[in-house]
Amino acid sequence: MKLLKTILFGTTLAAGAALFMGTSAHADEAYTVQSGDTLSTISQKYVGDNSLIQTIAEANSISNIHLIFSGQELTIPTGEQAAAPVATQTPVEPVQETAPVVETPVVEQAPVVEQAPATEVAVSTGTNDAKEWIAQKESSGSYTATNGRYIGRYQLDSSYLNGDYSAANQERVAEQYVASRYGSWDAAKAFWLANGWY
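Numbering (the working numbering), first residue to last: 5 to 202.
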């Protein structure tokens, strides 16, 4: 009987020690949102990908993952729950510094009849349709539409426009933005249809 008690006590003690030693307490980290940050960029800083976005949003009671503010204090979960992959992840805006790889749908383009001058971008009718479609979805086609920091016909971030909200600058910046980020207006429209923004 004494041997049974000794074995039982030793087993309980060993299990308790293993539980104590095996459970590493990870403290969550505090992070202050900087200008230009998104949940995507913050997740990239901590784990190198977008896998923490939903976890950060849940830990900080963020209902709209596209809306955080400069100076906002966030708790970044760094424990094992942060390492577990999120089953359903809402797509978010990719990191601005590196252009995302977007599969461009195959679109047959009408041949361009005239040679476009070097300063103009030659586009097909399908591309013009996609561009107009995005403008209508974003601002009903208005160059004066505003939504917080998003300005004009294509609802571009005001920092992209550098204080020049003229129609000509909006068109020029929108072309540059779409070309660098998506490659074409058709690809931008496909991304918009999949995510609700471009």
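Virtual Cβ for every residue (Gly too), placed ideally from N, Cα, C.
Computed from a prediction, not measured in an experiment: that's the story for all the values here.
Please look up how many angstroms separate the CB atoms of A2 and Y158, rounded, as I've assumed it's under 8 Å.
Residue 2 is absent from the structure shown; the chain starts at 5 and stops at 202.
Bridge partners of A34, per DSSP?
T79
Suppose you measure from the CA of A126 to the CA of S188; what does that come to, to the nearest Å?
Residue confidence for A126 is low, a pLDDT of 42 falling below 50, so the modelled location carries little weight and cannot support an answer.
Do T42 and N64 have their C-beta atoms within less than 8 Å of each other?
no
Tell me the DSSP secondary structure of Y186 in three-state form.
coil
Mind checking K135: buried by the 16 CB within 10 Å criterion, or exposed?
buried
What whole-angstrom Cβ distance do V37 and S74 have, given they're in contact under 8 Å?
6 Å
State the Cα-Cα distance for the pair Y50 and I60, rounded to the nearest angstrom.
11 Å
May I have the straight-line CA-CA distance separating S146 from I57, to the nearest angstrom?
33 Å
Count the other CB atoms, across all protein chains shown, that sit within 10 Å of the CB of Q180; report buried if there are 16 or more and exposed otherwise.
exposed
For I155 and E175, the rounded distance between their alpha carbons:
12 Å
State the DSSP-derived secondary structure class of N173, mapped to helix, strand or coil.
helix
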